[in-house]
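Residue numbers (the working numbering): 6 to 261.
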């Protein structure tokens, strides 16, 4: 059983896993769009789902909220030790899809913004993102503690980028793999203090199937690049292709 989050990009990766396993002779059941971690991690931990694409930093922060790891290799190593018994992290991918804070090019130019630190001292900032961002370590409390930046919060959810472009918020939490960052010329603010943990794509497998699927899934992880992930996402958001078609095309193009 291969699962996915309620996030289109995650479903594309899960579909790549599923088709690759089917091509290798496995019978695959898909349980996609399960939701967020509170919904799907119990499914993984219970063995109801066997394989799931995850993101190293955010998953580590879920299991170890006090972690001080920020760099990709240390985050991955710490995650491997933090996973509950019965779950194994396969090889992480160079592809990343991590939280990032973005402003419009106009707002960045008007306020000489390059880094999150440059926001300190600006009044009236409103951060937009998914509702759970308000309680995340890198949300409003983390901005204040790490950078001295005070923000209001608006749970803009799926319309976060639209809200930023319409001027309803000043700061948007957007995943780094979102093609709209380039499409609308958004400025991703640098994070020199490591507020966000590195979040590389990583397959999480049940220990019962990890050895059997690793030889199929690990090469896929190695082939998936940050730029490649943005391109896959663009096929969904702009070209309106299905996850199944996107996955099939990617597997063929990459020799799987």
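Think of the CB as a built atom: it goes at the ideal place given N, C-alpha and C, for glycine as much as any other residue.
If you're wondering where the values come from, they're calculated on a predicted model, not measured in any experiment.
So, using beta-carbon positions, are residue i and residue j closer together than 7 angstroms?
i: residue 154; j: residue 125; result: yes
i: residue 106; j: residue 121; result: yes
i: residue 75; j: residue 199; result: yes
i: residue 251; j: residue 237; result: yes
i: residue 23; j: residue 35; result: yes
i: residue 9; j: residue 91; result: no
i: residue 29; j: residue 203; result: no
i: residue 229; j: residue 14; result: no
i: residue 248; j: residue 16; result: yes
i: residue 218; j: residue 61; result: no
i: residue 56; j: residue 7; result: yes
i: residue 95; j: residue 222; result: yes
i: residue 137; j: residue 158; result: no
i: residue 184; j: residue 239; result: yes
Among the residues of its own chain, which have a CB less than 6 angstroms from the CB of residue i, if the five just before and after it don't count?
i: residue 180; result: 102
i: residue 231; result: 100 and 101
i: residue 18; result: 58
i: residue 52; result: 211
i: residue 226; result: 96 and 98
i: residue 50; result: 89
Per DSSP, residue i forms a beta bridge with which residues?
i: residue 36; result: 8
i: residue 107; result: 177 and 193
i: residue 60; result: 206
i: residue 94; result: 209
i: residue 120; result: 195
i: residue 101; result: 205
Skipping 5 residues on each side, what residues in its chain have a beta carbon closer than 8 angstroms to that of residue i?
i: residue 118; result: 108, 112, 124, 192 and 194
i: residue 147; result: 141 and 200
i: residue 65; result: 72, 74, 80, 83, 84, 87 and 202
i: residue 68; result: 84, 87, 88 and 89
i: residue 196; result: 105, 106, 120 and 121
i: residue 39; result: 8, 9, 10, 11, 45, 48 and 54
i: residue 152; result: 121, 122, 124, 125, 198 and 200
i: residue 214; result: 55 and 56
Just to check, is the beta-carbon of residue i closer than 6 angstroms to a non-hydrogen atom of the ligand FMN?
i: residue 192; result: Of the ligands one can find in the structure shown there are none, so the ligand FMN has no counterpart to examine.
Given residue i, which residues of its chain have a CB within under 7 angstroms of its CB, disregarding the five upstream and five downstream residues?
i: residue 149; result: 155
i: residue 186; result: 107, 179 and 193
i: residue 31; result: none
i: residue 254; result: none
i: residue 161; result: 133, 134, 168 and 174
Problem - Segment contact, 8 angstroms Cβ cut-off, at least three pairs: the segment 131-139 with the segment 165-180 - result: yes
Handout entry: 3-residue-minimum beta strand (DSSP E) runs that sit fully inside the segment 128-199, ordered along the chain
Key = 131-134, 157-160 and 176-180
Problem - Stretch pair the segment 242-249 + the segment 71-90: three plus CB contacts closer than 8 angstroms - result: no
Exercise for the section: Report the residue ranges of all alpha helix (DSSP H) runs contained in full by the segment 212-261; include only those spanning at least 4 residues, in chain order. Expected result: 215-228, 231-242 and 248-258
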